[in-house]
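Residue numbers (the numbering used here), protein chains in the order written: chain D, 9 to 285; chain F, 646 to 931.
Report on one structure; see the data block that follows.
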């Protein structure tokens, strides 16, 4: 690889990170990530105030359900919509994309730089959120119980799996939404279609299920949700044919790479016409 | 060149009656809606469901078909409260997706381009402005919710007789009332977000996001706190509870009907409050 590309990628990354982390437009993403943290911590504080302790197993199942149904499907999904679609489409609306296009930098390098910036931002925001949720959920059980769960039980492996799934969700959804932001003038249409596609994934034929991000993520979650346990939302988590981790992880990364390659073809042909926006 | 004195003369033509001036906005808003081919296609597709139901109801009463299938009337489709609740659920969902695309186009462009002073320097009040924009959405969404619903009710009444219609008259009022409150809520949410998020596309994403996020968060709250509080922050649950009561159908949502009504009205009130904060003839930009 040309060393100049690496330098340029890092330069774009540095510029974009500042925009992604501190933009006023992206403030709501922090709220999105913090909402489940507030919920879990609030629950724990309430239990501690009332001197009650919930059933540990039940709490573990509830955490798994909320993680799969709410955090990944809605929190990370919409967070990625907000961050990744904004990388190109936001620049078009701010009428600032031509500064990048006029610079002596390959568009593919620009795309990779922007993707890495978005990825870094989403990973930091959402893995921190997942970690804080985990702490918040078990806060009222006391340190002894939690350290036992982490040390002797399978708590640590569960926590690592949750964080890994979050990172993979950011990679998968990020690549898809970055490509949508490049390809569509109104990224709301692909976002809506992808949302519906991901939601009905459990009800699709086995072959079609593989063309989605959530299928791989569900397979990697450490606890499979009982579809009869909760509300209608539990039905969304049915995974009749889970994919083993050694296929799911490279599969998702390959999907992301393929989408990014397609997006790079698209961005090479991209023409700016601010007047039509 | 001679310059002749031109003195001011007031407009002497016919004036639009004061009470119907808001409808001018509705007319123009409706005219703009169908410029997008995608929206036109999506709107047309919303009629697919009612058409299938219509055919189903007809076949339900067709003697030849019933004889062929060895069934009797009401065994193919039982047209009752559950049927209409399902119908409204399906059409309401489509109406929501349509609103996510149309709603942000109502106020955001006016705010982003500083057009509100131009509206309010004419004889429009802020309420009339909001009402005019709301009516455009209401008109459009009515065509895919309660209008086909009442047509289905009419067809079934025609085929089953006046006795059926009289017995099930509460279904007709349920279709109308349930649809109206749903349309009002999603329209107000879309308009409020359109006013606060001036970027049209972001506003659309916010409409989708807010509804899905609230549904998911409500379910999470119910799960974590082992309570029913989450239903109050889920518009879908509130409207389902209200409609289930209107249609006399059991529902797993364990909250009282009056509290669901209060929840819906509070949501609508909140949206009106948000609109009243943003829809002004001037804006202070810091």
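Note that beta-carbon positions come from the ideal geometry of N, C-alpha and C, so glycine has one too.
Being a predicted model, the structure only gives us computed values, none of them experimental.
Simplified DSSP assignment, three categories, for residue i
i              : result
residue 120(D) : helix
residue 893(F) : coil
residue 279(D) : coil
residue 66(D)  : helix
residue 274(D) : helix
residue 76(D)  : helix
residue 713(F) : helix
residue 691(F) : coil
residue 887(F) : helix
residue 706(F) : coil
residue 901(F) : coil
residue 720(F) : coil
residue 925(F) : coil
residue 660(F) : coil
residue 253(D) : helix
residue 802(F) : helix
residue 112(D) : coil
residue 672(F) : helix
residue 685(F) : helix
residue 667(F) : helix
residue 961(F) : This structure cannot speak to residue 961(F), because chain F is shown only from 646 to 931.
residue 677(F) : helix
residue 104(D) : coil
residue 94(D)  : helix
With 8 Å as the C-beta to C-beta threshold (strictly closer), list the residues of the region 188 to 219 of chain D near chain F in chain order. 194, 195, 196, 197, 199, 200 and 203
Whole alpha helix (DSSP H) elements within the region 174 to 250 of chain D, 4-residue minimum: 196 to 207, 214 to 217 and 221 to 228
Beta strand (DSSP E) segments (min. 3 residues) lying fully within the region 116 to 163 of chain D: none
At which residue ranges does the region 728 to 788 of chain F contain complete alpha helix (DSSP H) runs of 4 or more residues, listed in the order of the chain? 749 to 757, 761 to 765 and 771 to 787
Could you name each continuous alpha helix (DSSP H) segment of 4 residues or more that falls completely within the region 843 to 871 of chain F, going from the start of the chain to the end? 845 to 870
Residues of the region 833 to 848 of chain F with Cβ closer than 8 Å to any Cβ of chain D, in chain order: 844, 846 and 847
Interface residues of the region 861 to 889 of chain F facing chain D [CB-CB below 9 Å]: 861, 862, 864, 865, 866, 867, 868, 869, 870 and 871
Proximal residues, the region 85 to 103 of chain D versus chain F, C-beta separation under 9 Å: 85, 86, 89, 90, 93, 94, 97, 98 and 101
May I ask you to list, following chain order, the residues of the region 47 to 67 of chain D that have a beta carbon less than 7 Å from some beta carbon of chain F? 47, 48 and 51
Do the region 213 to 226 of chain D and the region 121 to 133 of chain D make contact, defined as three or more Cβ pairs closer than 8 Å? no
What are the residues of the region 74 to 85 of chain D that lie near chain F, defined by any Cβ-Cβ distance shorter than 9 Å? 74, 77, 78, 79, 81, 82, 83 and 85
Whether or not the region 753 to 771 of chain F and the region 907 to 915 of chain F are in contact is what I'm after, with contact meaning three or more pairs of Cβ atoms, one per stretch, closer than 8 Å; do they touch? no
What are the uninterrupted segments assigned as alpha helix (DSSP H) that are 4 or more residues long and contained completely in the region 10 to 69 of chain D, given in chain order? 11 to 30 and 35 to 57
Sufficient close CB pairs (3 or more, under 8 Å) joining the region 888 to 906 of chain F to the region 720 to 740 of chain F: yes
Quick check: the region 261 to 277 of chain D against the region 178 to 190 of chain D, are at least 3 beta-carbon pairs closer than 8 Å? yes
Contact between the region 658 to 669 of chain F and the region 203 to 221 of chain D: three or more CB pairs below 8 Å? no
Output, in sequence order along the chain, the residues in the region 698 to 732 of chain F whose CB is closer than 7 Å to any CB in chain D. none
Should the region 142 to 161 of chain D be called in touch with the region 47 to 66 of chain D, which here means at least 3 C-beta pairs below 8 Å? yes
Is it a yes or a no for the region 744 to 755 of chain F touching the region 836 to 850 of chain F, going by three-plus beta-carbon pairs under 8 Å? yes
Under 8 Å (Cβ pairs) to chain D, residues found in the region 778 to 792 of chain F: none
Contact the region 768 to 778 of chain F vs the region 697 to 704 of chain F: 3+ CB pairs below 8 Å: no
Would you check if the region 785 to 803 of chain F and the region 857 to 877 of chain F touch, i.e. whether three or more CB-CB distances between them fall below 8 Å? no
Would you check if the region 111 to 126 of chain D and the region 151 to 160 of chain D touch, i.e. whether three or more CB-CB distances between them fall below 8 Å? no
Please identify, using Cβ separations under 9 Å, the residues of the region 733 to 763 of chain F that lie next to chain D, in order along the chain. 742, 745, 746 and 749
Output needed in chain order: residues of the region 646 to 676 of chain F with a Cβ under 9 Å from some Cβ in chain D. none
Near-chain D residues of the region 849 to 860 of chain F (beta-carbon distance less than 7 Å), N- to C-terminal order: 849, 850, 853, 854, 857 and 858
Contacting positions in the region 34 to 45 of chain D - beta carbon closer than 9 Å to chain F: 36, 40, 43 and 44
4 or more residues per run - each alpha helix (DSSP H) lying fully within the region 814 to 839 of chain F: none
Check whether the region 85 to 103 of chain D and the region 158 to 169 of chain D touch, using three or more Cβ-Cβ pairs below 8 Å as the test. no
Cβ contact check for the region 820 to 839 of chain F and the region 875 to 884 of chain F: 3 or more pairs under 8 Å: yes
Stretch-stretch touch, CB-based, cutoff 8 Å, three pairs: the region 790 to 805 of chain F with the region 813 to 821 of chain F: yes
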